[in-house]
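Enquirer: When you read off a place in the sequence shown, starting at 1, and then add 429, the result is the number in this note's numbering.
Where is the CB? At the ideal position from N, CA and C, for every residue including glycine.
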Amino acid sequence: MTRTNYTLVTEFILLGLADTLELQVFLFLFFLVIYTLTVLGNVGMILLIRSDSRLHTPMYFFLANLSFVDVCYSSTITPKMLVDLLSEKKTISFAGCFLQMYFFIALATTECLLFGLMAYDRYVAICNPLLYPVVMSRTVCLKMAAGAFTAGLLNSMVNTSYVSRLPFCGSNVIHHFFCDSPPLFKLSCSDTHLNESIISTFAGVNLVGTLLVILASYSYILFSIFRMHSGEGRHKAFSTCASHLAAVILFYSTAIYTYLRPTSSYSLGQDKVASVFYTVVIPMLNPLIYSLRNKDVKKALWDAITKKRISSFL
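(1) For the alpha helix (DSSP H) containing residue 441, list its first residue and its last residue.
(2) With a cut-off of 8 angstroms on the beta carbons, I'd call residue 445 and residue 514 a contact; round off their distance for me.
(3) Could you tell me whether the Cβ atoms of residue 684 and residue 649 are closer together than 9 angstroms?
(4) Pull the bridge partners of residue 602 from the DSSP assignment, please.
(5) Going by DSSP, which residues form a beta bridge with residue 522?
(6) In chain order, which beta strand (DSSP E) runs of at least 3 residues are fully inside the segment 471-525?
(7) Below 8 angstroms on the Cβ atoms is my guess for residue 536 versus residue 498; work out the distance and round it to an integer in Å.
(8) Hey, out of 728, 723, 719, whose CA is closest to residue 470's CA?
(9) For residue 589, which of 534, 489, 505, 705 has the nearest alpha-carbon?
(10) Consult DSSP for residue 631 and reduce its assignment to one of helix, strand or coil.
(11) Can you give me the Cβ contacts of residue 679 inside the same chain, cut-off strictly under 6 angstroms, excluding the 5 residues immediately before and after it?
(12) Who are the Cβ neighbours of residue 723 in its own chain at under 7 angstroms, not counting the five residues just before and after it?
(13) Would you mind stating whether residue 702 and residue 460 have Cβ atoms separated by less than 9 angstroms?
(14) Check whether the segment 535-555 and the segment 482-502 touch, using three or more Cβ-Cβ pairs below 8 angstroms as the test.
Structure follows, in structure tokens:
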């Protein structure tokens with residue numbers, strides 16, 4: 430397990446997503462557009478929430494944090510992938526590989542925890558509206574968000590250390606477009622069963638634990654909604670939760686498929702497709718999901734656009 434005696438690999442080669450030049454150019458343009466939309470959409474969401482006082486609520490505070498994580502999350506993977514698509518030498522240093530893995534796991538963990546906090550926020554708002562200002566005060570929200578980021582960093586530190594300490598003394602070709610634990614385990618020249626079990630346990634606790642919080646929160650929410658006598662109240666509650674549920678389903682379905690399915694069913698091709706979806710596509714979709722069905726966000730965006738038009742006209 431000590432790197433000094435066994436690790437001979439100083440860099441890794443990322444095979445990426447395509448073999449032919451034509452496909453590489455197409456994918457470069459395609460993912461460049463997606464990455465641009467991701468940055469613009471999420472940064473725009475953060476600026477909109479900060480600039481409009483009507484969005485200074487716990488729900489949008491956590492949404493701004495989610496947008497920040499999505500920008501960083503996508504930026505950890507996509508720029509390197511874009512460079513590799515147009516490069517003949519698709520290498521990454523040993524330190525660079527595990528630095529990428531560290532931030533990827535930290536941000537993915539934080540995203541899971543933020544999804545759980547957002548579900549809890551909706552639960553308190555709908556099921557205990559009178560206690561909402563106290564339970565979800567600004568101080569509490571700040572502590573929750575700080576806890577999510579801290580837990581993500583600590584979890585990633587443990588996970589990354591268990592992989593980086595493995596001996597890599599054979600092939601250095603990673604059958605993936607970024608440094609992730611499953612393909613790296615394949616390159617180790619030692620028994621990785623214990624390491625895989627530990628990392629799977631951490632991933633399971635994070636994914637399943639936060640998913641249970643989300644399911645429990647929405648169970649109480651549904652029960653409260655069905656007890657409402659006002660049809661307008663029901664519709665408002667459903668529309669408030671629908672966007673969050675859509676984002677949760679997209680993220681968790683691909684993450685659970687990638688990290689919690691049996692090792693015997695591991696497929697490089699399927700894993701790459703799933704990884705592209707949750708590392709590149711979902712960060713772009715999240716701001717769209719949260720804005721298209723959200724009247725507050727759409728109104729704030731329209732007001733911002735209108736003010737800009739008026740100021741430019743004057």
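Expert: By the coordinates alone:
(1) If you number the sequence shown from 1, residue 441 lands on position 12. Per DSSP, residue 441 belongs to no alpha helix (DSSP H); it is in the beta strand (DSSP E), 440-443.
(2) Working through the sequence shown from its first residue, we reach residue 445 at position 16. Working through the sequence shown from its first residue, we reach residue 514 at position 85. Confirmed, about 6 angstroms.
(3) As a working note, residue 684 is residue 255 in the sequence shown. As a working note, residue 649 is residue 220 in the sequence shown. Cβ distance not < 9 angstroms, so residue 684 and residue 649 don't count as in contact.
(4) Within the sequence shown, the letter at position 173 stands for residue 602. DSSP output for residue 602 lists 442 as bridge partner(s).
(5) As a first step, residue 522 must be located in the sequence shown, where it is residue number 93. Answer is 440.
(6) 520-522
(7) Counted from its first residue, the sequence shown places residue 536 at position 107. Counted from its first residue, the sequence shown places residue 498 at position 69. Their Cβ separation, rounded to whole angstroms, is 5 angstroms, which keeps residue 536 and residue 498 in contact under 8 angstroms.
(8) Indexing the sequence shown from 1 puts residue 470 at position 41. Of the listed residues, the one whose Cα sits closest to residue 470 is 719.
(9) In the sequence shown, the residue the question calls residue 589 occupies position 160. Taking only the C-alpha atoms, the option nearest residue 589 is 534.
(10) Counting from one through the sequence shown, the residue named residue 631 turns up at place 202. If DSSP states are grouped into helix, strand and coil, residue 631 belongs with the helices.
(11) Locating residue 679 in the sequence shown gives position 250, counting from the first residue. Only 711 meet the Cβ criterion.
(12) The count along the sequence shown starts at 1 and reaches residue 723 at position 294. These residues qualify, in order along the chain: 672.
(13) Position 273 of the sequence shown, counted from the start, is the residue given in the question as residue 702. Position 31 of the sequence shown, counted from the start, is the residue given in the question as residue 460. Not closer than 9 angstroms, so no.
(14) yes
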